[in-house]
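Student:
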Amino acid sequence: MSVSLDQLAPAAVFRHFAALSAIPRPSFHEQAVADHLMAFAGRHGLAAERDALDNVIIRKPGSPGYEDAPVTILQGHTDMVCEKNEGNPIDFTRDPISLRVEGDLLKADGTTLGADNGIAVAFMLALLESTDIPHPPLEAVFTSQEEVGLRGAAQLDTSGLKGRLFLNIDSEEEGLLFASCSGGNRSDMRLPIQWIDSAADAVAMTIQVRGLKGGHSGLDIHTPRGNAILLLGRVLHDLQSRHAAQIAFIQSGSGKSNAIPRRAEATVLIAARDQEAVQTTLSTWRERLTQEYVTADPGFELAFASQPDAPVHSFSPSTTQALCQALMLMPQGVQRMSPDIPGLVETSTNLGTLDIVGDEISFGSASRSSHPSQMEATVAKLQTLAAMIGARFELHDSYPAWPFRPESPLRELFVERFTAQYGRKPEVAGIHAGLECGVFSAKLDNVDMISFGPDIRNAHSPDECLSIASTERTWALFLNLLAHIKPGFPTP
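UniProt numbering numbers the first residue of the sequence shown as 1 and each following residue consecutively.
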């Protein structure tokens, strides 16, 4: 179902968000949205440039009276996490996002919404096309491949950027101002598969864990939500040890190491004589896990069924054992809370993907930390586990943390303008997630930056939603900030 956003305010913001939602933009497929941005710049006579990764920079002079104000960088990313409910036929590389309004909430029809970070793109385009909004000279930076390791920002040539005031619009809670973020990396374990011929009398069963909430592997990692892969691992470990079950197939339903997986499935082979006993064991597991997650993940399901034709090949006993050991020992979730900021996760890791790639089982994890030595410790755990099970280990897509800046006129301005608008002070905090602020703070010499945004809930899941009222208030605050970056405003 697609709806018109014409009646929503701010009208320009939601008009651009609707146009963006019609453009497919999963990570690695940002060509069409970059085309859209370049065409926008051309229509409005704005200087623009685009690189090989489809990063786009659009520049706009200051409005009258602001020509000599300090150049200000606005930044957000164009790609989105593409998750959908089971049975949804959308092809994220070709189909638009269908939008719907429920009260104050803008949602998608059974998929991620893309407010993370389409709302930043919409804010920037609405400002860039305006003719009556006061603002300093602007450098609007639209980055690609953020959701797969901040790759666009990491590869962007920043040598031409003049701004040293930096507004990132990629936070998801109104009233919460971020002034630092964690660094992170992605890692893969690749376990070689030894295949064997299936026994002639083997019976195949399909087992699925589904119906979990999932969520963002940084923002939601402290919650007690279930990880579908690891819950399936507990079941498989028991079947392997209790009934000598062999595994013939396994995969998760995510494909995103930075999303807590909501679904996972496996095909197991058992002796025909054990079929009734295995079903009893699975029924016990279903009851047990349902009770475990009745509050944290009430949609949890453990489904299983006999499969008419058994696969002709399965994992060898040693491969099955190594896989089950990995899933039982894999580090997951919060590894350490911050000793300095109450309630802030300092270090975490998330097993987000599990797939068969050729003749290997691939485990994909995303780890985060604001402390370098704790990150090293987490990576060492993963490396040690890989060595124990005989798997290759690969580390990639590392990105830096954004350190807290003791002196920040931009942060002080945000607190001042927020307090004037809302009658209360915002919360200033760090975030346990990888923001592109970390990349830009490392690449730009001495930059003053903040990160903020409207209320977005359940990002990286089909339950993602955007508060319309919060968007309107945050837009007003955004314009208020820019109006106060006048000539003489202090820069680093």
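For every residue, glycine included, the Cβ atom is placed at its ideal position computed from N, Cα and C.
1. For proline 10 and proline 261, I'd like the C-alpha separation in whole angstroms.
2. Within a Cβ cutoff of 6 Å, which residues of the same chain sit near glutamate 49, ignoring the five residues on either side of it in sequence?
3. Would leucine 351 pass as a contact of leucine 167 if the rule is Cβ separation under 8 Å?
4. Threonine 349 and alanine 296: beta carbons closer than 8 Å?
5. Let me know the alpha helix (DSSP H) ranges lying completely inside the UniProt domain "Peptidase M20 dimerisation" (209-294), each 4 residues or longer, listed in chain order.
6. Do the region 308-324 and the region 202-209 make contact, defined as three or more Cβ pairs closer than 8 Å?
7. Note down the Cα distance separating alanine 69 from glycine 42, rounded to an integer number of angstroms.
8. Please report how far the alpha carbon of proline 317 lies from the alpha carbon of glutamine 246, in whole angstroms.
9. Using 8 Å as the threshold, is the region 446-466 in touch with the region 375-391, meaning 3 or more CB pairs across them?
10. Could you tell me the distance, in whole angstroms, from the CA atom of alanine 18 to the CA atom of histidine 313?
11. Could you check whether the region 280-290 touches the region 154-162, counting it as contact only if at least three pairs of C-beta atoms, one from each stretch, sit closer than 8 Å?
12. State the CB to CB distance for the pair residue 500 and tyrosine 66, rounded to an integer number of angstroms; the pair is presumed to be in contact (CB under 8 Å).
13. Drop a sphere of 10 angstroms on the beta-carbon of aspartate 91, count the other beta-carbons inside from all chains shown, and report buried for 16 or more, exposed for fewer.
14. Look at the alpha carbon of alanine 459 and the alpha carbon of histidine 216, and state the distance between them as a whole number of angstroms.
15. What are the start and end residues of the beta strand (DSSP E) that includes glutamine 307?
16. Verify whether the separation of the beta carbon atoms of threonine 72 and proline 136 is less than 8 Å.
17. Quick check on DSSP: helix, strand or coil for methionine 1?
18. Give the straight-line distance between the Cα atoms of tryptophan 475 and leucine 219, rounded to the nearest whole angstrom.
19. What residues in its chain sit with their C-beta under 6 Å from that of asparagine 446, if we drop five residues either side in the sequence?
20. Starting from lysine 381, trace the alpha helix (DSSP H) both ways and give me its first and last residue.
21. How is the beta strand (DSSP E) around isoleucine 431 delimited, first residue to last?
22. Since alanine 140 sits in a beta bridge, which residues does DSSP pair it with?
23. At the level of alpha carbons, what is the spacing between methionine 1 and asparagine 85?
24. Out of curiosity, what's the CA-to-CA distance linking serine 182 and alanine 277?
25. Determine the burial state of tyrosine 293: buried for a count of at least 16 other Cβ atoms within 10 Å of its Cβ, exposed for fewer.
26. Looking only at its own chain, which residues have a Cβ that is under 6 Å from the Cβ of histidine 77, when we skip the five neighbours before and after it?
27. Just reading off the alpha helix (DSSP H) that serine 338 is part of, what are its end residues?
28. I need the straight-line Cα distance from arginine 15 to alanine 22, nearest angstrom please.
29. Give a yes or no on whether the C-beta atoms belonging to serine 252 and threonine 353 are separated by under 8 Å.
30. Going along the chain, which residues of its own chain have a beta-carbon closer than 7 Å to the beta-carbon of arginine 94, five neighbours each way excluded?
31. Could you spell out where the alpha helix (DSSP H) holding lysine 107 opens and where it closes?
Tutor: According to the structure shown:
1. 34 Å
2. Ile57
3. no
4. no
5. 228-243 and 275-292
6. yes
7. 25 Å
8. 7 Å
9. no
10. 48 Å
11. no
12. Nothing in the structure corresponds to residue 500, since the chain is present only between 1 and 492.
13. exposed
14. 6 Å
15. 301-307
16. yes
17. Low local confidence applies: a pLDDT of 46 at methionine 1 is under 50, so the model's placement there is unreliable, with the coordinate-based value given in what follows. DSSP places methionine 1 in coil when its eight states are reduced to three.
18. 23 Å
19. Pro492
20. 372-389
21. 427-431
22. Ile58 and Leu74
23. With a pLDDT of only 46 at methionine 1, under 50, the local geometry of the prediction cannot be trusted, and the value read off the model is given with reservation. So the alpha carbons of these two residues sit roughly 15 Å apart.
24. 47 Å
25. buried
26. Asn117, Thr143 and Glu146
27. No alpha helix (DSSP H) holds serine 338; DSSP gives it neither H nor E.
28. 11 Å
29. yes
30. Pro24
31. Premise fails: lysine 107 lies in the beta strand (DSSP E), 105-108, not in any alpha helix (DSSP H).
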